[in-house]
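Trainee: Quick one: structure below, then a few questions.
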Ligand SMILES: [Zn+2]
């Protein structure tokens, strides 16, 4: 079997994340959610549900600032507060994905300090754009995927550069592409299984 993993950034968002979790449950897929800690604080029940349903919860910063705009003191607070928020839900946080994949001089120090493993991505589908339809998102994923690929999608994002309503297209795109990927021999694995 070929393997792939679905990862979702920028959430959770009460408008979309629950529906996405319903779809993943129905399809029996465990995914990874790189959450913005301040968003997690707004919808704790969604974080609890992710954990209960076997998904991996990783950190995607406190409030999604671009690393080039952040100095040492901000970065220190970013990791400290984020880890405090996420560890309240129980279990260790093992994975980190920086906003836009961008690191600065201090990122490495804090990853070591909190023993976080950085996870970037192999495949994106421009699902944050208002002009991306479900069919376009599904086609891009299908064309770009390969064995072992980490796919990066978004279950939120208005506060971090995404178009309003875009996650709805992401969810509909997944409904289209999941059966196709299964037919092509792909198995959906967790981050722990792949890394
Ligand atoms: Zn992001």
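Residue numbers (the working numbering): 1024 to 1218. The C-beta atom is built at its ideal place from N, Cα and C for all residues, glycine as well.
Should residue 1031 be labelled buried (16 or more other beta-carbon atoms within 10 Å of its own) or exposed?
Mentor: By the neighbour-count rule (16 or more Cβ atoms within 10 Å), residue 1031 is buried.
Trainee: Looking at the strands, I want to know which residues DSSP matches up with residue 1031.
Mentor: Looking at the DSSP assignment, residue 1031 forms a beta bridge with 1056, 1176.
Trainee: Rounded to the nearest angstrom, what separates residue 1036 and residue 1060 at their Cα positions?
Mentor: Near 12 Å, if we compare the C-alpha coordinates of residue 1060 and residue 1036.
Trainee: Thinking C-alpha only, which one of 1216, 1201, 1180 is nearest residue 1040?
Mentor: Checking every option, the nearest Cα to that of residue 1040 belongs to 1180.
Trainee: Cβ of residue 1067 within 6 Å of any heavy atom in ligand 1?
Mentor: Outside the cutoff, so no.
Trainee: Following a CB-centred definition, is residue 1183 positioned closer than 6 Å to any heavy atom of ligand 1?
Mentor: Residue 1183: yes, Cβ under 6 Å from ligand 1.
Trainee: What first and last residue would you give for the alpha helix (DSSP H) that runs through residue 1113?
Mentor: Element bounds for residue 1113: n/a, residue is neither H nor E.
Trainee: Closer than 7 Å by C-beta to residue 1129: which residues in its own chain qualify, once you throw out the five before and the five after it? Chain order, please.
Mentor: Excluding residues within five positions, the ones whose Cβ falls inside 7 Å are 1095, 1098.
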